[in-house]
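If you count the sequence shown from 1, you need to add 64 to reach my numbering.
Glycine included, every Cβ here is placed at the ideal spot set by N, Cα and C.
Here's the structure we're looking at; comments come further down.
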Amino acid sequence: MMKFSNHKFMNQEVRLDFISYDHCTFDNCAMVYSGYSPVSVSNSDFRNVPWVLNEAANNTLVFLSALYHSGEGGRQVVEPILRQITADVITPDISGITVAADNNELALGT
65 MMKFSNHKFM NQEVRLDFIS YDHCTFDNCA MVYSGYSPVS VSNSDFRNVP WVLNEAANNT
125 LVFLSALYHS GEGGRQVVEP ILRQITADVI TPDISGITVA ADNNELALGT
């Protein structure tokens, strides 16, 4: 994994996959996460920084959005995930939940 420490990034696209950033400054940079590795950014400053999810990360976001808007069953799956995201520690546990797609419709089961 490539590592940056005490580095200043300005006016550029910054990839988050497979790269570690520590004590860095990001000024007017697009932070791009594709979802292929955990993100490692610590003790860093961000100024005028949009966050971009693409590829696998964006697919996950689209999936969760579709699931949430599919009905009450979808909301029951997504809302606990959202609560875990806003908690101090993320420990997703969706064991026992299955999701099947058929004819562009989502079916949930437990």
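Check the C-beta distance from residue i over to residue j and give it rounded, since I have them as a contact under 8 angstroms.
i	j	result
Ser108	Cys88	5 angstroms
Whose C-alpha, out of the options, is nearest the C-alpha of residue i?
i	options	result
Leu146	Gly137, Tyr132 and Glu136	Tyr132
Asp86	Val141, Gln76 and His71	His71
Val78	Met65, Ser106, Val116 and Gly99	Val116
Ser69	Ser84, Met95 and Gln76	Ser84
Phe110	Met74, Asp152 and Ala151	Met74
Ser46	Lys67, Val142, Gln140 and Val141	The first residue shown for the chain is 65 and the last is 174, placing residue 46 beyond what the model contains.
Check whether the Cβ atoms of residue i and residue j sit closer than 8 angstroms, and answer yes or no.
i	j	result
Ser104	Asp81	no
Val113	Phe127	no
Tyr97	Ala121	yes
Glu119	Gly99	yes
DSSP has residue i in a bridge; who is on the other side?
i	result
Leu117	Tyr97
Glu77	Ala94
Val105	Tyr85
Arg147	Partner(s): none; Arg147 has no beta bridge.
With a threshold of 8 angstroms between beta carbons, is residue i in contact with chain D?
i	result
Ala130	Looking for chain D here will not work: only one protein chain is present.
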